[in-house]
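**Q** Questions regarding the structure given below will be posed in turn.
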Amino acid sequence: MSETATAAGSGANATATFARKERTGAAADPARVSAIATDTLQALHEIIRKHELTYAEYDALKAWLIQVGADGEWPLFLDVFVEHVVEEVANADRRGAVGTIEGPYYVPGAPVIESGSAMPMRPDEKGTPLLFQGTVTDLDGTPVAGATVDLWHADDEGYYSQFAPGIPEWNLRAVVHTGADGRFAFHTMQPAPYQIPTDGSTGAFITAAGWHPWRPAHLHLKVSAPGKQLVTTQLYFDGGDYVTDDVAQAVKPELVLRPGPAADGTGNEVTYDFALDPA
């Protein structure tokens, strides 16, 4: 790319995207807020006592918390280190397709394309061609016609359109609708593993802890249909780097793809089906 992606740029975009996200629900229940806040603060107090936190460490924590906000990295930090537990609890009763984290890089309104066609991409898009296909059904295996399959992912260098400079809008982002047989298909390019932005406060946190900042290559999806529960998930690639050591702890065995050579001899293909729970 002609320009370099930065944590500040990515964080600002992620924060702006989150600020536009529609949030619904009744006003917060004061009793529930109090219970969660009390448990959170008590847990933090116990950590301070257990590790005998010093004032220098306390001041460093305050400075870091301020910097996370200044960098616009709260969506990034929370989605990497917290969201996987929220998703686990929220979807504990799901019987159909397995979900995982959304992450900070979803943008609603991607172009709708015909099933079986190519996702928006640059004429010289790098990477290995991938045919990603499957069927959307209900829990009984009946195909769901008109289901929405929303796919987005990073490019071969690990960058997302709308969050890194120099990439066309909607690059490697698209929506298809299933036919009467419930089937869908996308032609795209396999994404690459990527580092979460490391030049900002989240990177400083990871470096201080001695952790690595890498996520395995993955496809993001939202699959939905009238009368069915939306499932948000990510699909990973068997044998890929960081599949067993994801910084975001979002990989589940059911979400690992095993592509094979494409029937037309161009790149790879893989089939993955989604069974949707009733709403």
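The numbering used here puts the first residue of the sequence shown at 184, with every later residue one more than the last. We treat Cβ as the ideally placed atom computed from N, Cα and C, and that holds for glycine. Being a predicted model, the structure only gives us computed values, none of them experimental.
Provide the residue span of the alpha helix (DSSP H) that contains G257, from first to last.
**A** The question names Gly, but residue 257 in the sequence shown is Trp. First-last of the alpha helix (DSSP H) with W257: 257-264.
**Q** In whole angstroms, what is the alpha-carbon distance linking P436 and P461?
**A** Going by the C-alpha atoms only, they are around 23 Å apart.
**Q** Counting Cβ pairs closer than 8 Å, one from the segment 419-439 and one from the segment 387-404, do we hit at least three?
**A** Yes: the two stretches touch, three or more of their Cβ pairs being nearer than 8 Å.
**Q** Taking 7 Å as the limit between beta carbons, can you name the residues of its chain near P351, skipping five residues before and five after?
**A** For P351, where only same-chain residues beyond five positions count, the Cβ hits under 7 Å are R305, S344.
**Q** DSSP three-state label for Y289, please.
**A** Three-state result, Y289: coil.
**Q** Here's a check: name, in chain order, each residue in its chain whose Cβ is nearer than 6 Å to the Cβ of G286, leaving out the five neighbours to either side.
**A** Closer than 6 Å at the Cβ level, and outside the excluded window around G286, lie D262.
**Q** With DSSP run on the structure shown, which of helix, strand or coil describes E452?
**A** The answer is strand: DSSP assigns E452 an E or B state.
**Q** Using a Cβ-Cβ cut-off of 6 Å (strictly less than) and excluding sequence neighbours within five positions of A330, which residues of its own chain qualify?
**A** Counting only Cβ-Cβ distances below 6 Å, and skipping sequence neighbours, we find V319, T361, A408.
**Q** K245 and V327 - do their beta-carbons sit closer together than 8 Å?
**A** No, these two residues do not count as a Cβ contact at 8 Å.
**Q** Answer yes or no: do W335 and L355 have a C-beta to C-beta separation smaller than 8 Å?
**A** Contact: yes.
**Q** Please report how far the alpha carbon of I231 lies from the alpha carbon of E240, in whole angstroms.
**A** Spanning the two alpha carbons is a distance of roughly 10 Å.
**Q** As an exercise, report each continuous alpha helix (DSSP H) stretch of at least 4 residues that is fully enclosed by the segment 294-367, in chain order.
**A** List check, alpha helix (DSSP H) in window: nothing returned.
**Q** Do T385 and L248 have their CB atoms nearer than 8 Å?
**A** No, they are not a contact pair.
**Q** From A273 to G279, what does the alpha carbon distance come to, in whole angstroms?
**A** One C-alpha to the other measures close to 14 Å.
**Q** Can you tell me which of A210, V332, H234 puts its alpha carbon nearest to the alpha carbon of T416?
**A** Nearest C-alpha to T416: V332.
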